[in-house]
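Input: a single structure, listed below in structure tokens.
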Amino acid sequence: IHLAGMPRKVVLRVSSRKDTPVPGMLTHVMVPWDTAKDAYNADSFVNLKAFTIEPSPDGSKDTCVITSLDMSPVPSWMTNSTMGYLAPQMMAGQVQRYIKHARR
5 IHLAGMPRKV VLRVSSRKDT PVPGMLTHVM VPWDTAKDAY NADSFVNLKA FTIEPSPDGS
65 KDTCVITSLD MSPVPSWMTN STMGYLAPQM MAGQVQRYIK HARR
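Going by our numbering, the sequence shown opens with residue 5, and the numbers climb by one from there.
Written as structure tokens, this is what we have:
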């Protein structure tokens, strides 16, 4: 990918919020970040990525609904592979935290 003109490293700032915009939903937003200026990096090839994870509307415990917003020229295969890796880990972490707090 670097040979195609993409940088070797991209710094992103990630913000995650539980129960946003509705209870039970998890929202993540990623923006390019300039660490030297501690500010948004408008010159990055990555613009904005946001996604939400929510329980399945049919009540199934084995599935969830993932909605994504991609405002950058990053190929969709890269976003999909990242989501396919991160989403199950995040959901597993949520389940473990829920079980831990439910036992108290």
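By construction, the Cβ of each residue, glycine as well, lies at the ideal position given by its N, Cα and C atoms. Since the model is a prediction, treat every value here as computed from it, not as a measurement.
According to DSSP, simplified to helix, strand and coil, what is residue i?
| i | result |
| --- | --- |
| K3 | No statement about residue 3 is possible, as the shown extent of the chain runs from 5 to 108 and does not include it. |
| V99 | helix |
| I5 | With a pLDDT of 46 at I5, under the threshold of 50, the modelled position of that residue is not reliable, and the figure given next carries that caveat. In the structure shown, I5 sits in coil (DSSP, three-state: anything other than H, G, I, E or B). |
| S72 | strand |
| A85 | The sequence shown places Ser at residue 85, rather than the Ala named in the question. Correct three-state label for S85: helix. |
| P92 | helix |
| R17 | strand |
| P59 | strand |
| L52 | coil |
Keeping to the same chain, check which residues put their C-beta closer than 6 Å to that of residue i; ignore five residues upstream and five downstream.
| i | result |
| --- | --- |
| A54 | V33, L73 |
Kindly list the residues whose CB is nearer than 7 Å to the CB of residue i, restricted to its own chain and excluding five residues on each side of it in sequence; keep chain order.
| i | result |
| --- | --- |
| V26 | none |
| C68 | I57, E58, P59, S60, M95 |
| V35 | L16, R17, Y44, L52 |
Give the DSSP bridge partners of residue i, in chain order.
| i | result |
| --- | --- |
| Y44 | W37 |
| K65 | Answer is none; K65 lacks a bridge partner. |
CA-CA distance, residue i and residue j?
| i | j | result |
| --- | --- | --- |
| D47 | L16 | 13 Å |
| D38 | R21 | 22 Å |
| K41 | T24 | 29 Å |
| A43 | G28 | 30 Å |
| V99 | K65 | 10 Å |
| I103 | Q93 | 15 Å |
| T71 | R101 | 22 Å |
| L30 | V14 | 24 Å |
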